[in-house]
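A.B. asks: Supplied in structure tokens, the structure appears directly below.
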Amino acid sequence: MAPAVETWTVLGTIGLVLGTVPPVWYAITDRGNRLYYVILAAITGIAAVAYAVMSLGIGVIDAPGETTFYIARYVDWLLTTPLLLLYLAMLCKSGSQTYAVLIGLDVLVIAAGAAAIFTTGLLSWGLFALGGVAFVAIAYLLVYWLPKQSSFASDRVYAQFFKLRNITVVLWALYPVVWVFSPAGLGWLTLNTEMMTIVYLDFITKAAFVAIAVNGRAALDDLTTVELTAGTDGVESAIGAD
Ligand code: RET
Numbered sequence: 001m002a003p004a005v006e007t008w009t010v011l012g013t014i015g016l017v018l019g020t021v022p023p024v025w026y027a028i029t030d031r032g033n034r035l036y037y038v039i040l041a042a043i044t045g046i047a048a049v050a051y052a053v054m055s056l057g058i059g060v061i062d063a064p065g066e067t068t069f070y071i072a073r074y075v076d077w078l079l080t081t082p083l084l085l086l087y088l089a090m091l092c093k094s095g096s097q098t099y100a101v102l103i104g105l106d107v108l109v110i111a112a113g114a115a116a117i118f119t120t121g122l123l124s125w126g127l128f129a130l131g132g133v134a135f136v137a138i139a140y141l142l143v144y145w146l147p148k149q150s151s152f153a154s155d156r157v158y159a160q161f162f163k164l165r166n167i168t169v170v171l172w173a174l175y176p177v178v179w180v181f182s183p184a185g186l187g188w189l190t191l192n193t194e195m196m197t198i199v200y201l202d203f204i205t206k207a208a209f210v211a212i213a214v215n216g217r218a219a220l221d222d223l224t225t226v227e228l229t230a231g232t233d234g235v236e237s238a239i240g241a242d
């Protein structure tokens, strides 16, 4: 018998709990960079809770056309995708305006995706396309805009940004692909296979992102020698262009 949906959600919970241990450890032990580790711990921690909720069968709603909507999945995405973007924005000290635009687009992607599940036919595909366009705008900002308007604190900060940004853009692009083949889209995947794929993607976009960030944590010292830029945009906030 093929493993049930719950198997994947339980595996997701375990994987993401384990993925939360390193950032929690460093949040406790490295006080100077605590904010960065708290953000990383929240990314995997929130997802672990979401998977625990899903594995208990809580917040599972029937949607039109044999589709199932998992409330916890979308709440998780709504909370953790802005945190992933925040971490990237903080690495290049992009300032709050750029971050606000990224968040606006991000919320649009998730909201359009959720609405597409509860609608059918052309409207559903139209909403999916709207989310897709917003996603392309996010990818553009991450690939061109953020690096262009940022002056990185050091080469190793840039290397960290580059690595994390690349896995983000490439892996996030797979979510709409899964959506197209899922029961909400063309229906070529079963609910079970869709869950397996999403668990896998969530695990790498979150746990691997966090692991790479923790592994390259030495770069954080270059950032935190100067206060974080909460309200400024752009170059004047970058640390003395050394
Ligand atoms: C949807 C459908 C509408 C169009 C697009 C989508 C993209 C979703 C993405 C989700 C990313 C989730 C992550 C979760 C965990 O960390 C909503 C599937 C573009 C990009 C990264």
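According to the working numbering, the residues represented by the sequence shown are 1 to 242, in order.
Using N, Cα and C, we set each Cβ at its ideal position, and we do this for glycine too.
Would you identify the three-state DSSP class for Ala72, choosing helix, strand or coil?
C.D. replies: The sequence position of residue 72 within the sequence shown is 72, counting from 1. Three-state DSSP puts Ala72 in a helix.
A.B. asks: Going by the C-beta, is Thr80 closer than 6 Å to any heavy atom of the ligand RET?
C.D. replies: Position 80 of the sequence shown, counting from 1, holds the residue named residue 80. It does: the Cβ of Thr80 is within 6 Å (strictly closer) of some heavy atom of the ligand RET.
A.B. asks: So what does DSSP say about Asp30, is it helix, strand or coil?
C.D. replies: If you number the sequence shown from 1, residue 30 lands on position 30. The answer is coil: DSSP assigns Asp30 none of H, G, I, E or B.
A.B. asks: Specify the secondary structure class of Ala153 as computed by DSSP and reduced to three states.
C.D. replies: Taking the sequence shown and counting its residues from 1, the one referred to as residue 153 is at position 153. Three-state result, Ala153: coil.
A.B. asks: Can you find at least 3 beta carbon pairs, one from the segment 201-216 and one from the segment 139-155, that sit closer than 8 Å?
C.D. replies: No: the two stretches stay apart, fewer than three of their Cβ pairs being nearer than 8 Å.
A.B. asks: Nearer than 6 Å: is that true of the beta carbon of Tyr175 relative to any heavy atom of the ligand RET?
C.D. replies: Residue 175 sits at position 175 when you count from the first residue of the sequence shown. Answer for Tyr175: yes, Cβ within range of the ligand RET.
A.B. asks: Just verifying my parser: in three-state terms, what is the DSSP assignment at Val235?
C.D. replies: By 1-based counting over the sequence shown, the position of residue 235 is 235. Summary for Val235: the model assigns pLDDT 40, below 50, so the residue's position carries little reliability; its value from the coordinates is reported in the next sentence. Three-state DSSP puts Val235 in a helix.
A.B. asks: By how many angstroms is the C-alpha of Pro176 removed from the C-alpha of Ala112?
C.D. replies: Walking along the sequence shown from the start, residue 112 turns up at place 112. Walking along the sequence shown from the start, residue 176 turns up at place 176. Roughly 11 Å between the two C-alpha positions.
A.B. asks: What's the C-alpha gap between Tyr99 and Pro82?
C.D. replies: In the sequence shown, the residue the question calls residue 99 occupies position 99. In the sequence shown, the residue the question calls residue 82 occupies position 82. Distance between the alpha carbons of Tyr99 and Pro82: 9 Å.
A.B. asks: Using the Cα positions of Phe152 and Cys92, report the straight-line distance between them to the nearest angstrom.
C.D. replies: Within the sequence shown, the letter at position 152 stands for residue 152. Within the sequence shown, the letter at position 92 stands for residue 92. Rounded to whole angstroms, Phe152 to Cys92 spans 6 Å at the Cα level.
A.B. asks: What residue from Val210, Phe209, Ala184, Ile212 has the CA that sits closest to Phe118's CA?
C.D. replies: Counted from its first residue, the sequence shown places residue 118 at position 118. When only C-alpha atoms are compared, the closest one is Ala184.
A.B. asks: Grouping DSSP H, G and I as helix and E and B as strand, with all else coil, what is Glu6?
C.D. replies: Here residue 6 is taken as the residue at index 6 of the sequence shown, counted from 1. Helix at Glu6.
A.B. asks: When every heavy atom of the ligand RET is checked, does at least one fall within less than 6 Å of the C-beta of Trp179?
C.D. replies: In the sequence shown, residue 179 corresponds to position 179, counting from 1. Trp179: yes, Cβ under 6 Å from the ligand RET.
A.B. asks: For Ala173, which three-state DSSP category applies?
C.D. replies: Translated into the one-based positions of the sequence shown, residue 173 becomes position 173. DSSP places Ala173 in coil when its eight states are reduced to three.
A.B. asks: Can you look up Ala52 in the DSSP assignment and give me helix, strand or coil?
C.D. replies: Here residue 52 refers to the residue found at position 52 when the sequence shown is read from its first residue. In this structure, Ala52 counts as helix in the three-state DSSP scheme.
A.B. asks: Just verifying my parser: in three-state terms, what is the DSSP assignment at Thr120?
C.D. replies: For the purposes of this step, residue 120 is identified with residue 120 of the sequence shown, where counting begins at 1. Note: Thr120 maps to coil in three-state DSSP.
A.B. asks: Give me the DSSP bridge partner(s) of Thr67.
C.D. replies: Here the question's residue 67 lines up with position 67 in the sequence shown. In the DSSP output, where bridge partners are listed per residue, Thr67 has Ala63.
A.B. asks: Secondary structure at Gly187, three-state DSSP: helix, strand or coil?
C.D. replies: One-based indexing of the sequence shown puts residue 187 at position 187. Three-state DSSP puts Gly187 in coil, outside helix and strand.
A.B. asks: Please report the straight-line C-alpha distance between Ala63 and Ser124, rounded to a whole angstrom.
C.D. replies: Here the question's residue 63 lines up with position 63 in the sequence shown. Here the question's residue 124 lines up with position 124 in the sequence shown. Each residue's alpha carbon lies about 12 Å from the other.
A.B. asks: Report yes if the C-beta of Gly131 is less than 6 Å from at least one heavy atom of the ligand RET; otherwise report no.
C.D. replies: On the sequence shown, residue 131 is found 131 positions in, with the first residue counted as 1. It does: the Cβ of Gly131 is within 6 Å (strictly closer) of some heavy atom of the ligand RET.
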